[in-house]
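Chains as they are written, first to last, in UniProt numbering: chain A, 1 to 390; chain B, 1 to 366.
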Amino acid sequence: MSEKTTTNTSFLNDAGNRAMLFQAVLLIAVVAVGYYLFHNLQANLENQGISTGFAFLNEPAGFPILIHLIEYTEANTYGRAFVVALINTTLISLMGIILATIIGVIMGLARLSNNWLVARLATVYIETLRNIPLLLQMFFWYFAVLATLPHPRDSLIFGNFFLNKRGIYSPEPIAQDGFGIVIFGFLACVMAAIALIVWAKKRQKQTGVWFPAYWTSLAIIIVGTVVFYFLAGSPVEFDAPTKSRFNVTGGMVLVPEFVAVLVALSTYTGAFIAEIVRAGILSVNWGQTEASRSLGLPDGLTQRLIVLPQALRVIIPPLTSQYLNLAKNSSLGAAIAYPELVAVVMGTTLNQTGQAIETIGLCMLVYGSLSLSISVFMNWYNKKMSLIER
Amino acid sequence: MAIEFKPSPSLPPPSNAVGPVAWVRKNFFSSPLNIFLTFFSFYILYLLIPPALEWAIFNATWEGTSKAACTAGGACWAFIRVRFDQFMYGLYPATEYWRVNVAAILLVVLVGMFAIKAINKLLLSIAIIVVYPIIAYFLFAGGILGLEVVETSLWGGLFLTMLLGIIGIVASFPLGIILALGRQSKMPVAKSVCVIFIETIRAVPLITILFMASVMIPLFLPDGMNFNKLLRVLIGITLFSAAYMAEVIRGGLQAIPKGQYEAADAMGLTYWQSMILVILPQALKLVIPGIVNTFIGLFKDTTLVYIVGMFDFLGIIQMANHDANWLGTTTEGYAFAGFVYWAICFGMSRYSMAVERKLDTGHKRN
Numbered sequence: 001m002s003e004k005t006t007t008n009t010s011f012l013n014d015a016g017n018r019a020m021l022f023q024a025v026l027l028i029a030v031v032a033v034g035y036y037l038f039h040n041l042q043a044n045l046e047n048q049g050i051s052t053g054f055a056f057l058n059e060p061a062g063f064p065i066l067i068h069l070i071e072y073t074e075a076n077t078y079g080r081a082f083v084v085a086l087i088n089t090t091l092i093s094l095m096g097i098i099l100a101t102i103i104g105v106i107m108g109l110a111r112l113s114n115n116w117l118v119a120r121l122a123t124v125y126i127e128t129l130r131n132i133p134l135l136l137q138m139f140f141w142y143f144a145v146l147a148t149l150p151h152p153r154d155s156l157i158f159g160n161f162f163l164n165k166r167g168i169y170s171p172e173p174i175a176q177d178g179f180g181i182v183i184f185g186f187l188a189c190v191m192a193a194i195a196l197i198v199w200a201k202k203r204q205k206q207t208g209v210w211f212p213a214y215w216t217s218l219a220i221i222i223v224g225t226v227v228f229y230f231l232a233g234s235p236v237e238f239d240a241p242t243k244s245r246f247n248v249t250g251g252m253v254l255v256p257e258f259v260a261v262l263v264a265l266s267t268y269t270g271a272f273i274a275e276i277v278r279a280g281i282l283s284v285n286w287g288q289t290e291a292s293r294s295l296g297l298p299d300g301l302t303q304r305l306i307v308l309p310q311a312l313r314v315i316i317p318p319l320t321s322q323y324l325n326l327a328k329n330s331s332l333g334a335a336i337a338y339p340e341l342v343a344v345v346m347g348t349t350l351n352q353t354g355q356a357i358e359t360i361g362l363c364m365l366v367y368g369s370l371s372l373s374i375s376v377f378m379n380w381y382n383k384k385m386s387l388i389e390r
Numbered sequence: 001m002a003i004e005f006k007p008s009p010s011l012p013p014p015s016n017a018v019g020p021v022a023w024v025r026k027n028f029f030s031s032p033l034n035i036f037l038t039f040f041s042f043y044i045l046y047l048l049i050p051p052a053l054e055w056a057i058f059n060a061t062w063e064g065t066s067k068a069a070c071t072a073g074g075a076c077w078a079f080i081r082v083r084f085d086q087f088m089y090g091l092y093p094a095t096e097y098w099r100v101n102v103a104a105i106l107l108v109v110l111v112g113m114f115a116i117k118a119i120n121k122l123l124l125s126i127a128i129i130v131v132y133p134i135i136a137y138f139l140f141a142g143g144i145l146g147l148e149v150v151e152t153s154l155w156g157g158l159f160l161t162m163l164l165g166i167i168g169i170v171a172s173f174p175l176g177i178i179l180a181l182g183r184q185s186k187m188p189v190a191k192s193v194c195v196i197f198i199e200t201i202r203a204v205p206l207i208t209i210l211f212m213a214s215v216m217i218p219l220f221l222p223d224g225m226n227f228n229k230l231l232r233v234l235i236g237i238t239l240f241s242a243a244y245m246a247e248v249i250r251g252g253l254q255a256i257p258k259g260q261y262e263a264a265d266a267m268g269l270t271y272w273q274s275m276i277l278v279i280l281p282q283a284l285k286l287v288i289p290g291i292v293n294t295f296i297g298l299f300k301d302t303t304l305v306y307i308v309g310m311f312d313f314l315g316i317i318q319m320a321n322h323d324a325n326w327l328g329t330t331t332e333g334y335a336f337a338g339f340v341y342w343a344i345c346f347g348m349s350r351y352s353m354a355v356e357r358k359l360d361t362g363h364k365r366n
């Protein structure tokens, strides 16, 4: 130690000192730039007479929102509009994730199919959608496909369903008295199913006797709920849409904005997921399949018990980032007026109030936490699935 | 005298085990499910291909000056023909198109010169990265040597898309390397600055960054100082893809065995020497697919500038779709845009595969 201090190196030639110096300079630079920007911001806001803070959230918004799952009118506040937009973003993200996963798994498996034609078709699908910008695909679905549907007065009619340029109209289920019993019955069936699975697993571990628990529990849930439904006296009525001369009224409607965003997001992300699924399955050594076959497992069980659990370990991390991408890409819905977060908060609210810092900050915060929660969940799942080593 | 044992020549395999018949049997009809899938696929092809061909080729109209000329019932490619210049150059004045063309040809020639062995590659790189952008800027914007000034708000079409894409790619790559090195650094301040930057950018969608660039940056600058919207958007795109690039490169850095770092240190190389001469060449080679994927993503993401009011390739097509003379030609416009984007992105991904094969010096454990 003492030897080091006596060596004749200059202060600046010591690696540790240099690192300290560099970091000090970096820190000062970051703080200085930050302070400078903040200072400018304050001066600019003062000059332009923009008040800061989130007080504007309590003011009436005065604009309609096309899709609102909770009660919303023009008289509601900006805060309420923000919540509505947040729900819309979450809705499209969740539905997109589910649909994209289904499409991705099917296409990924199809690309690995023994059938030459199926594999080629899947390849064409994947390579086409992956290499075309998502925004273009959204425009295509919205302006070129859905906008060319017939006018409401010439709606396409499928029984109680109507299809026209304003959307897909379907009967709306309306809960009547006694619907609580059905919900209770459904929950009871789910509990029974879980109990059955736990029991079956335990018994299989102890005795080795196998029981088709998953299929049985599925049957219990479906049959049980239907039984409760009729016991409660069919407490759901359907409000079918009706077509007048020029318009379709009543029922539920899926507006084209929603459909376009959902279709574009899920087919686009599905193409990426397909590649991930394919890579994951290919990463499992062929020897595993052969070993499982020589143990006498049928093909289905080989896939489910041997290949899939090992493939999932490779699939999950990139799959997580695709889910995150999908959630972030849902913001492109703003371009075709799907009322999600960016459109409502950074579009209309920003234009009307001029609160640039607050609205953009709010959006970034929401996307940040949405990303964070998806990645926390997927990390938990990844840990659960990962190989437990010694 | 011993009788030599001579096996008779083996029989050829049965005709249903080799050749096209076997191939068809194995690929199309090996099991009931497979048979079903085969017929299902043929049915899908039958549904898609004949109408698509009829629309795009047999019933298409190639000439005309308005939608009224398109009476054949198929695609109206006349729309693309009439609007082609605008799709390429946006609102750039038609008399000045040659400036964009000259810059493009110059770039192609300069990059092509890498193929000539006798040329000093370092000098050529400097020419492309330092000298070329200055020439190109003055060609595009004008204002010297009697060139007419062209506002950046008039730049558009595929020209703007390529401009955003190329500058974004060229600028985000070194920035990504620096961020990745910073994130791997042992210096806590440098590391946390990089981590915070990367994670913040990656957590939000590009659209918020672009809004920030177009709405918020002016608020952060002193009074009177303001710069071009195109430049602000470019900075936004570059920072965004640099954060993704940094994560890809970090993957490569982590894949390099510790022995390489130690060996470089033992040779007495400084930090930058060991990074530039030893670590990065290996790390970058490992992550070529990831880097190119980021490039492709960036190129596709340039379409988002339409949302903040710039008319890139997709934006100009979207604008043309509202032309009263050409109502109802949206599908043609999107098909054309889709084809161009697809060709560029697909080309990039194939090129990256070729580069990967060329640089593969067998370090991968197979």
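Note that beta-carbon positions come from the ideal geometry of N, C-alpha and C, so glycine has one too.
CB contact below 9 Å: residue i versus chain A
i	result
THR303 (chain B)	yes
MET216 (chain B)	yes
LYS229 (chain B)	no
ALA52 (chain B)	no
ASN27 (chain B)	yes
THR200 (chain B)	yes
GLY156 (chain B)	no
VAL82 (chain B)	no
CYS345 (chain B)	yes
ARG365 (chain B)	In this predicted model, ARG365 (chain B) has a pLDDT of only 43, less than 50, meaning its place in the structure is not dependable; the value taken from the coordinates is given anyway. It does not; no Cβ of chain A falls within 9 Å.
GLN318 (chain B)	yes
TRP98 (chain B)	no
Range covered by the beta strand (DSSP E) that runs through residue i
i	result
MET252 (chain A)	252-254
GLY167 (chain A)	167-170
VAL236 (chain A)	236-239
ASN164 (chain A)	161-164
ILE276 (chain B)	Note, ILE276 (chain B): premise wrong, no beta strand (DSSP E); not H, not E.
LEU156 (chain A)	156-158
Closest by C-alpha distance to residue i, when choosing among the options
i	options	result
GLY328 (chain B)	B:CYS345, B:ARG25, B:ALA75, B:ILE35	B:ALA75
PHE336 (chain B)	B:GLY347, B:GLN318, B:ALA324, B:ARG350	B:GLN318
GLY157 (chain B)	B:MET275, B:THR302, B:GLN282, B:LEU210	B:THR302
PRO241 (chain A)	A:MET252, A:GLY296, A:ALA274, A:VAL124	A:MET252
LEU253 (chain B)	B:ILE177, B:LEU234, B:VAL355	B:ILE177
ARG99 (chain B)	B:GLU148, B:GLY168, B:VAL109, B:ILE57	B:GLU148
LEU239 (chain B)	B:GLY143, B:ILE209, B:LEU230, B:ILE116	B:ILE209
ALA180 (chain B)	B:ALA242, B:MET353, B:ASN321	B:ALA242
Range covered by the alpha helix (DSSP H) that runs through residue i
i	result
ASN228 (chain B)	Where ASN228 (chain B) is concerned, there is no enclosing alpha helix (DSSP H), given that its DSSP letter is neither H nor E.
PHE228 (chain A)	213-231
ASN44 (chain A)	15-48
ILE105 (chain B)	97-112
PHE346 (chain B)	330-359
VAL215 (chain B)	Per DSSP, VAL215 (chain B) belongs to no alpha helix (DSSP H) and is neither H nor E.
GLN260 (chain B)	258-266
THR161 (chain B)	157-184
GLU340 (chain A)	It is not in any alpha helix (DSSP H) - GLU340 (chain A) carries neither H nor E in the DSSP assignment.
Contact with chain B by residue i, beta-carbon distance below 9 Å
i	result
VAL30 (chain A)	yes
ASN285 (chain A)	no
ALA291 (chain A)	no
GLU127 (chain A)	yes
LYS328 (chain A)	yes
LEU218 (chain A)	no
MET346 (chain A)	yes
Residue i beta carbon near the ligand GDP (any heavy atom closer than 8 Å)
i	result
ALA219 (chain A)	The ligand GDP is absent from the structure shown, which contains no ligands of any kind.
- Item | the region 132-148 of chain A touching the region 257-265 of chain A, judged by at least three CB pairs closer than 8 Å | yes
- Per the contact definition of three or more C-beta pairs closer than 8 Å, is the region 69-88 of chain A in contact with the region 239-257 of chain B? no
- Message: With three or more beta-carbon pairs closer than 8 Å as the criterion, would you say the region 103-117 of chain A touches the region 272-285 of chain A?
- Response: yes
- Query: Which residues, taken in chain order from the region 362-376 of chain A, show a beta carbon closer than 8 Å to some beta carbon of chain D?
  - Reply: Going by chain labels, chain D is absent from the structure shown, which instead holds the protein chains A and B.
- Item | Sufficient close CB pairs (3 or more, under 8 Å) joining the region 124-132 of chain A to the region 336-346 of chain B | yes
- Task: Tell me the start and end of each unbroken alpha helix (DSSP H) in the region 12-88 of chain B that is at least 4 residues and wholly inside, in chain order.
- Result: 19-28, 32-53
- Item | Residue ranges of each alpha helix (DSSP H) within the region 305-336 of chain A, 4 or longer | 308-329
- On the three-pair Cβ rule with 8 Å, is the region 231-238 of chain A touching the region 143-152 of chain A? Taking 8 Å as the limit for Cβ pairs, the verdict is that the region 143-152 of chain A does not touch the region 231-238 of chain A.
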